[in-house]
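Here the protein sequences line up with chains D and E, keeping their order.
Everything in the first sequence is counted per our numbering, starting at 1 for the first residue and increasing by one.
Everything in the second sequence is counted per our numbering, starting at 1001 for the first residue and increasing by one.
Cβ atoms here follow ideal geometry from the backbone N, Cα and C, with glycine treated the same way.
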Amino acid sequence: MVNKNNVKIHVENLKKSFGKLDVLMDISNDIYEGEVVVIIGPSGSGKSTFLRCMNRLEDITDGKIIIDGYDISSKKININKVRENVGMVFQHFNLFNNLNVLENLMLAPVDLKKKTKQEAKESAIRMLEKVGVEDKVDYYPSQLSGGQKQRVAIARALCMEPDIMLFDEPTSALDPEMVAEVLQVMKQLAADGMTMVIVTHEIGFAREVADRVIFMDGGYIVEEGTPLEIFGNPKEQRTIDFLNKVL
Amino acid sequence: MSQIIDTYGLILVKAMGQTLLLALLGLFFGCLLGIVFGLASVFNSKISKAISAIYVNLIRGVPMIVLAFFVFYGIPYGLRTILGVKYTFTALQAGTICLALNCGAYMAEIIRAGIQSIDPGQMEAARSLGLTYWRSMFRVVLPQAIKNMIPSIVNQFIITLKDTSILSVIGFPELVNKAQNVISKTFKSFEIWAIVGLMYLVVILILQQVAKALERRLNRGK
């Protein structure tokens, strides 16, 4: 599945600070086509910030991020064009509350003229079937459960037909009984060959689905490797301490 | 009482017309100013935020009666003595400027607060799909913010309508100004002020009903 000949996300000496607070110290990494990368780490380790730099929801303080050949750390790049190919799923779903499910899915493809209204509607319904909420097309976000919201949010991102999907703690705001239905959709997506970067606390999911696990702490990548290496035989003391707490 | 209404009723009704004209002009330009400065105050730029803050604080910090005197008397005098330019405003022009500036500052605050009441995640989600800042603002954030703003906007409309009475001081023939004229002829201050008060009340109650209907319409489908 992983195509080592095609680097989708190239990160080079990335630094990020909020005012005087340094959040990302010096991060370098390559993420390949079709790869599923799970980022774990204690809160405040910078994992969400790292993810949000990948579509420049956070401005990059220093260093480089190159997505599909586009250097998004350069101010000259049209970031909106890059974002069309990088879907994002948020912890708090962030469905557009003023629009119903179908409108949520159709807004961006139609507004950005990627699709006609008819095409957008058809693909929206296809995506809703894929995530299993096709019966809720005319519901408003406030009428959905957390799990349904998150599945709609995934479908919304997929409607732009992105090459890369970023997930920022997609199950952290869900009731326990709804976590599985969202993870199931993500597993399917991984099986379809999507390039995915996932920040999560779901160790079981990481073990099962990830091609590579990155452990972050204090703004650095402390350790990375296959799930077997990281969970079975962690080398760094900080990784061991963290895993002892969460497993 | 009926004699007063027979003789002066038409004058007062016409004066109410002038009040409404001034209020509409003030509200129209005030809303435009409010939208521009309200959006400027949330836009991610220090300069636009600063300009907006200066405008809002300046207007909020000066009583409108002072602003009215300054625009109507002060500015033409300044133009003449400092720049040697002869220019005067009509009372309607000066009144519209004052009302619009005043209404605009408060509207800017209402719009700023309304936009900031919306979860930043809404903007982020729209941006993450590739929409520009302004498309995200107009398609996602503002439609939600406007719903929250409606009660405050209606309140501001009512205040602006009542504030037109302040412009009687620069001689604009609105309701209070005309009522003073009528009283100076009839000395019936009790009856006239009661009638004038009632007239404002009726107009504002009608405005409130229209606003309520509008609010219901906007909240439909939710």
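For I198(D) and N29(D), believed in contact at Cβ under 8 angstroms, the rounded distance: Stepping through the first sequence from its first residue, residue 29(D) is reached at position 29. Stepping through the first sequence from its first residue, residue 198(D) is reached at position 198. The beta-carbon separation of N29(D) and I198(D), rounded to 14 angstroms, does not stay under the 8 angstroms limit for a contact.
F1029(E) beta carbon less than 8 angstroms from that of T1081(E): Working through the second sequence from its first residue, we reach residue 1081(E) at position 81. Working through the second sequence from its first residue, we reach residue 1029(E) at position 29. In this structure, F1029(E) does not lie closer than 8 angstroms to T1081(E) by Cβ.
Through-space distance from E223(D) to I66(D), alpha-carbon basis: Within the first sequence, the letter at position 66 stands for residue 66(D). Within the first sequence, the letter at position 223 stands for residue 223(D). Roughly 22 angstroms between the two C-alpha positions.
Cα-Cα separation between Q184(D) and C53(D), rounded to whole angstroms: Here residue 184(D) refers to the residue found at position 184 of the first sequence. Here residue 53(D) refers to the residue found at position 53 of the first sequence. Their backbone Cα atoms lie some 26 angstroms apart in a straight line.
Those residues which DSSP pairs with F93(D) across a bridge: In the first sequence, residue 93(D) corresponds to position 93, counting from 1. According to DSSP, which records beta bridges pairwise, F93(D) is partnered with nothing at all.
Proximity of Y70(D) and V101(D) at Cβ, strictly below 8 angstroms: Working through the first sequence from its first residue, we reach residue 70(D) at position 70. Working through the first sequence from its first residue, we reach residue 101(D) at position 101. No, they are not a contact pair.
Alpha helix (DSSP H) segments (min. 4 residues) lying fully within the region 1134–1186 of chain E: Within the region 1134–1186 of chain E, the complete alpha helix (DSSP H) segments of 4 residues or longer fall at 1142–1163 and 1175–1186, listed in chain order.
Reference M1149(E), options A1113(E), L1067(E) and I1065(E), closest by Cα: For the purposes of this step, residue 1149(E) is identified with residue 149 of the second sequence, where counting begins at 1. Checked all of A1113(E), L1067(E) and I1065(E); the closest Cα to M1149(E) is A1113(E).
Beta bridge counterpart(s) of N29(D) as assigned by DSSP: Counted from its first residue, the first sequence places residue 29(D) at position 29. Looking at the DSSP output, N29(D) shares a beta bridge with V11(D).
Contact list for M88(D) against chain E, beta-carbon separation under 7 angstroms: If you number the first sequence from 1, residue 88(D) lands on position 88. The contacting residues are S1128.
Neighbour list for E169(D) in chain E, Cβ cutoff strictly below 9 angstroms: In the first sequence, counting from the first residue as 1, residue 169(D) sits at position 169. Proximity of chain E to E169(D) at the Cβ level (cut-off 9 angstroms) is not reached, the minimal Cβ distance being about 13 angstroms.
K64(D) in three-state terms, based on DSSP: Taking the first sequence and counting its residues from 1, one reaches residue 64(D) at position 64. Here K64(D) sits in strand by DSSP.
Residues of the region 99–132 of chain D whose Cβ lies closer than 7 angstroms to any Cβ of chain E, in chain order: Within the region 99–132 of chain D, the qualifying residues are L107, A108, D111 and L112.
Chain-order list of residues whose beta-carbon lies under 8 angstroms from that of I1065(E) (same chain, five-residue window excluded): Along the second sequence, one-based indexing puts residue 1065(E) at 65. Closer than 8 angstroms at Cβ, skipping near neighbours: I1166 and V1169.
Whole-number beta carbon distance between L1175(E) and M1137(E), since they are thought to touch under 8 angstroms: Your numbering for residue 1137(E) matches position 137 in the second sequence. Your numbering for residue 1175(E) matches position 175 in the second sequence. Rounded to the nearest angstrom, the Cβ distance from M1137(E) to L1175(E) is 39 angstroms, too far for a contact under 8 angstroms.
Anticipated Cβ contact below 8 angstroms, T1160(E) with L1099(E), distance rounded: One-based indexing of the second sequence puts residue 1160(E) at position 160. One-based indexing of the second sequence puts residue 1099(E) at position 99. Confirmed, about 6 angstroms.
Span separating the alpha-carbon of M127(D) from that of L158(D): Translated into positions along the first sequence, residue 127(D) becomes position 127. Translated into positions along the first sequence, residue 158(D) becomes position 158. The straight-line gap from Cα to Cα measures roughly 7 angstroms.
Exposure of K41(D), with buried meaning 16 or more beta-carbon neighbours within 10 Å: Locating residue 41(D) in the first sequence gives position 41, where the first residue counts as 1. It is worth fixing the name first, because residue 41(D) is Gly in this sequence and not Lys. Counting of Cβ neighbours within 10 angstroms places G41(D) among the buried residues, the total reaching 16 or more.
Secondary structure, alpha helix (DSSP H): runs of 4+ residues fully inside the region 1074–1103 of chain E: Taken in chain order, the complete alpha helix (DSSP H) segments of 4 or more residues contained in the region 1074–1103 of chain E are 1075–1078.
Residue of T1186(E), A1094(E), F1070(E) and Q1208(E) minimising C-alpha distance to Q1003(E): Locating residue 1003(E) in the second sequence gives position 3, where the first residue counts as 1. Cα-wise, what sits closest to Q1003(E) is T1186(E).
Residues near E202(D) in its chain [Cβ-Cβ closer than 8 angstroms; skip 5 each side]: One-based indexing of the first sequence puts residue 202(D) at position 202. Excluding residues up to 5 positions away in sequence, T171, V179 and L183 lie with their Cβ nearer than 8 angstroms to the Cβ of E202(D) in the same chain.
Closer than 8 angstroms to chain D by CB, G1114(E): For the purposes of this step, residue 1114(E) is taken as residue 114 along the second sequence, with counting starting at 1. For G1114(E), the answer is no, since every Cβ of chain D falls outside 8 angstroms of its Cβ.
T1132(E): CB within 7 angstroms of a non-hydrogen atom of the ligand MN: Judged by which ligands are present, the structure shown has none, so any question about the ligand MN falls away.
Partner residues on chain E for F18(D), Cβ-Cβ distance less than 7 angstroms: Position 18 of the first sequence, counted from the first residue, corresponds to residue 18(D). Within chain E, no residue comes near F18(D); the closest Cβ sits about 15 angstroms away, beyond 7 angstroms.
Coil, strand or helix - F205(D) by DSSP: By 1-based counting over the first sequence, the position of residue 205(D) is 205. Helix.
is_contact[A1125(E), chain D] using C-beta, thresh 8 angstroms: Locating residue 1125(E) in the second sequence gives position 125, where the first residue counts as 1. At least one beta carbon of chain D lies nearer than 8 angstroms to the beta carbon of A1125(E).
Min CB distance T1096(E) to chain D below 8 angstroms: Position 96 of the second sequence, counting from 1, holds the residue named residue 1096(E). No, T1096(E) lies away from the interface with chain D (no Cβ there is under 8 angstroms from its Cβ).
The region 121–135 of chain D touching the region 44–64 of chain D, judged by at least three CB pairs closer than 8 angstroms: Taking 8 angstroms as the limit for Cβ pairs, the verdict is that the region 44–64 of chain D does not touch the region 121–135 of chain D.
Residues near Y1106(E) in its chain [Cβ-Cβ closer than 6 angstroms; skip 5 each side]: Reading the second sequence from its first residue, position 106 is the one you call residue 1106(E). Taking Y1106(E) as the centre and dropping the five residues before and after it, the same chain places the C-beta of Q1156 closer than 6 angstroms to its C-beta, in chain order.
Segment contact, 8 angstroms Cβ cut-off, at least three pairs: the region 1117–1134 of chain E with the region 101–112 of chain D: Per the Cβ contact rule, the region 1117–1134 of chain E is in contact with the region 101–112 of chain D (3 or more Cβ pairs under 8 angstroms).
Cβ-based contacts, 7 angstroms cut-off: residues of the region 1131–1161 of chain E near chain D: Going along the region 1131–1161 of chain E in chain order, one finds L1131, T1132, R1135, R1139, V1140, P1143 and Q1144 with a Cβ nearer than 7 angstroms to chain D.
N3(D) - partner residues in DSSP beta bridges: Reading the first sequence from its first residue, position 3 is the one you call residue 3(D). Residue pairing by DSSP places N3(D) opposite E33(D) in a beta bridge.
8 angstroms Cβ cutoff met for I9(D) and I31(D): Within the first sequence, the letter at position 9 stands for residue 9(D). Within the first sequence, the letter at position 31 stands for residue 31(D). The criterion of a C-beta distance shorter than 8 angstroms is satisfied by I9(D) and I31(D).
C-alpha gap between L1083(E) and G1074(E), whole angstroms: Here residue 1083(E) is taken as the residue at index 83 of the second sequence, counted from 1. Here residue 1074(E) is taken as the residue at index 74 of the second sequence, counted from 1. In a straight line, the C-alpha of L1083(E) is about 13 angstroms away from that of G1074(E).
Nearest-angstrom beta carbon gap, L24(D) and F50(D) [assumed within contact, 8 angstroms]: Mapped onto the first sequence, residue 50(D) falls at position 50. Mapped onto the first sequence, residue 24(D) falls at position 24. Right, their Cβ atoms sit about 6 angstroms apart.
Chain-ordered chain B contacts of H92(D) [CB-CB under 8 angstroms]: The structure shown contains no chain B; its protein chains are D and E.
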